[in-house]
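Written out below as C-alpha cells is the structure these notes cover.
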C-alpha cells in the first residue's frame, strides 16, 4: 500500500523472523499505545489534567467488575469487560468526539468505521472479525452486556463531573436537561444506577454546577 | 477512624441518601482514579512520557484478549482480564516498585498488603473478599490464568522497552542476563511468547540496548 499510514512499530520494526501471526498481533498491541494520548473532555479526579482514552477504558472495566450486580438483566461480566475495553479503540485514528459536540457527532460513526477498518486490519483476519463484532455489539446495544457497557460509558464521566463540580456540564449551551437526556441511556441497563445518576445531576443543578433548562448560556 | 486517610471523594461527598452499598462502591470507583497518577518506569511508545498504572492495566487487559491463544494451558479470558485489571490497584497507596529496584522489592509485598487492606475495605465486605481473592491469585500464580496474567505484566514493558531501544534495560547495574532472568516467568505461561520475548532481548543486547553480562555499568 503506497499510502499506508505510518505505524508506531515502523520506528523500530519487530524482527522479521518472528512468527508472522504473532508479529501482526504485537504490531497491533504496539499501535494501540496511541490510545494513551487521545484526550477526552473529562477532568481527572486525582490530577489537574484531562483523562485519556486508555485510562477511561480501564476505569469502565473496573466499574463493570464492581457494579454488574445492578444490571436489570443478568450479564456476563467477562464479556462486558471486553466490550468496554474495545469500544474506544477506533479513536486511535478517529479521535474522541465529545458527548456535547453536536457537529462532531454527525459524521462520528462514519469516521469511526473507517478507523476500525484501518486499525483492525492490522490483526489476523479471525481477530479482526472478532473485534468488529465486539465493537458493533457495543454500538448496537441489542444485548444486555452492550447496554450495561454503554451505561458505564455514561456513568463514569458523570462521576468525574460530579467530583469536578460541573466539569463538562458547564459546556456552553448545555443545560441540566441536556445532561439528563444524554445520560438517560443508563436506565436502559440499570434502573438503580440511573436513579443514582439522575440524583447526582439534579443535585448538581441545584448547586449551580449545571444550567437550569431555558438558561442555555 | 481518627487517622483515616483523606479520600478523593471527601472533596465533594456523594449525597448522604444514596443507597449505602452503592455509595461505598462509588466511593471506591472514585478513589481508584488515583491509579492514573501512579507513574511506572516504562516509556510510552506514542508520547515522550512515562506510562501510568491505569494505562498499563488497560494495555495488559487488551493483550489478554488478543494473545490468550498462546497460553500453554487453556485459560478463561474474562477471568484473566479481571486479574490484570485488579493486580496493580494496591499501588494507589503503595506506589509502583520498579522491576529492577532490588531494595524496593524487599518489603514490596508487605507494603502492598497494607495498601490492599486499606483500599479494599472501602468496598462492601463481599466485594473486598473478592478483590483480595483476585489479587492473591495473581500474586501466587497457582492457576493458569494467574500465570498468563503475570506473563502479560512482564511482556508488555518488554515491548515498550524494545520500542524505546532500551528503556529500563538501561537501568544502571542491569545487564541483559538480569532482563532475561526477570522475564523468564513468561515461559511459565507460554512457551511461544517467551521464545518471542527472549528473541527481542537477545536482539536488543546484540544492538547494544542492554548491557552484556559481566559489564554491569
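Protein chains in written order, with the UniProt record's numbering: chain A, 1 to 217; chain B, 1 to 217. Glycine included, C-beta positions come from ideal geometry on N, C-alpha and C.
Where residue 149 of chain A and residue 49 of chain A are concerned, what is the direct C-alpha to C-alpha distance, given to the nearest angstrom? Cα to Cα, the separation comes out at about 25 Å.
Whole-angstrom distance between residue 214 of chain A and residue 56 of chain B, CA atom to CA atom: For residue 56 of chain B and residue 214 of chain A, the distance between alpha carbons rounds to 44 Å.
So which residues on chain A does residue 79 of chain B lean against when the C-beta distance must stay under 8 Å? 78, listed in chain order.
Residue 96 of chain B, buried or exposed, once every other Cβ within 10 Å from all chains shown has been counted against 16: Counting every other CB atom within 10 Å of its CB across the protein chains shown gives residue 96 of chain B a total of 16 or more, marking it as buried.
Could you tell me if the beta carbon of residue 81 of chain B falls within a distance shorter than 7 Å of some heavy atom in the ligand SAH? This structure does not include the ligand SAH; it has no bound ligands of any sort.
Compare the C-beta of residue 218 of chain B against all C-beta atoms of chain A and say whether one is closer than 8 Å. Lying before the first or after the last residue shown, residue 218 of chain B is absent from chain B, which here runs from 1 to 217.
Taking residue 16 of chain A as part of the beta strand (DSSP E), name the residues at either end of that continuous run. Note, residue 16 of chain A: premise wrong, no beta strand (DSSP E); not H, not E.
Would you check if the segment 136-154 of chain A and the segment 179-199 of chain A touch, i.e. whether three or more CB-CB distances between them fall below 8 Å? Yes, the segment 179-199 of chain A is in contact with the segment 136-154 of chain A.
In angstroms with no decimal places, state the Cα-to-Cα distance between residue 45 of chain A and residue 164 of chain A. Cα to Cα, residue 45 of chain A sits roughly 7 Å from residue 164 of chain A.
Consider the Cβ of residue 12 of chain A: report whether some Cβ of chain B lies at a distance smaller than 8 Å. It does; some Cβ of chain B falls within 8 Å.
Beta carbon of residue 9 of chain B nearer than 8 Å to that of residue 31 of chain B: Taking C-beta atoms as the reference points, residue 9 of chain B and residue 31 of chain B count as a pair closer than 8 Å.
Do you know how far the Cα of residue 85 of chain A is from the Cα of residue 71 of chain B? Cα to Cα, the separation comes out at about 20 Å.
Out of B:135, B:208, B:194 and B:118, point me to the one whose CA is closest to residue 218 of chain B's CA. Only positions 1 to 217 of chain B appear in this structure, which leaves residue 218 of chain B out of reach.
Compare the C-beta of residue 18 of chain A against all C-beta atoms of chain B and say whether one is closer than 8 Å. The beta carbon of residue 18 of chain A sits closer than 8 Å to some beta carbon of chain B.
Just mark residue 147 of chain B as buried or exposed, buried being the case when its beta carbon has 16 or more other beta carbons within 10 Å. Counting Cβ neighbours within 10 Å, residue 147 of chain B comes out buried, since at least 16 surround it.
Kindly indicate which residue of B:131, B:39, B:113 and B:76 has the alpha-carbon position closest to the one of residue 98 of chain B. Nearest Cα to residue 98 of chain B within the set B:131, B:39, B:113 and B:76: B:39.
Against chain B, does residue 138 of chain A count as a neighbour if the rule is that its beta carbon must be under 8 Å from one of theirs? For residue 138 of chain A, no CB of chain B lies under 8 Å from its own CB, so it is not counted at the interface with that chain.
Run through DSSP, which three-state label would residue 51 of chain B get? Residue 51 of chain B falls in the strand class under three-state DSSP.
Which class does residue 142 of chain B belong to by DSSP, given the choice of helix, strand or coil? Coil.
Buried or exposed for residue 191 of chain B, going by 16 or more other Cβ atoms inside 10 Å? Within 10 angstroms of the beta-carbon of residue 191 of chain B lie fewer than 16 other beta-carbons, which makes it exposed.
Does the CB of residue 45 of chain A have a neighbour CB from chain B at under 8 Å? Closer than 8 Å: yes.
In the DSSP assignment, find the unbroken alpha helix (DSSP H) run with residue 85 of chain A in it and report its ends. For residue 85 of chain A, the enclosing alpha helix (DSSP H) covers residues 77-86.
Do residue 83 of chain B and residue 145 of chain B have their C-beta atoms closer together than 8 Å? Yes, the Cβ-Cβ distance between residue 83 of chain B and residue 145 of chain B is below 8 Å.
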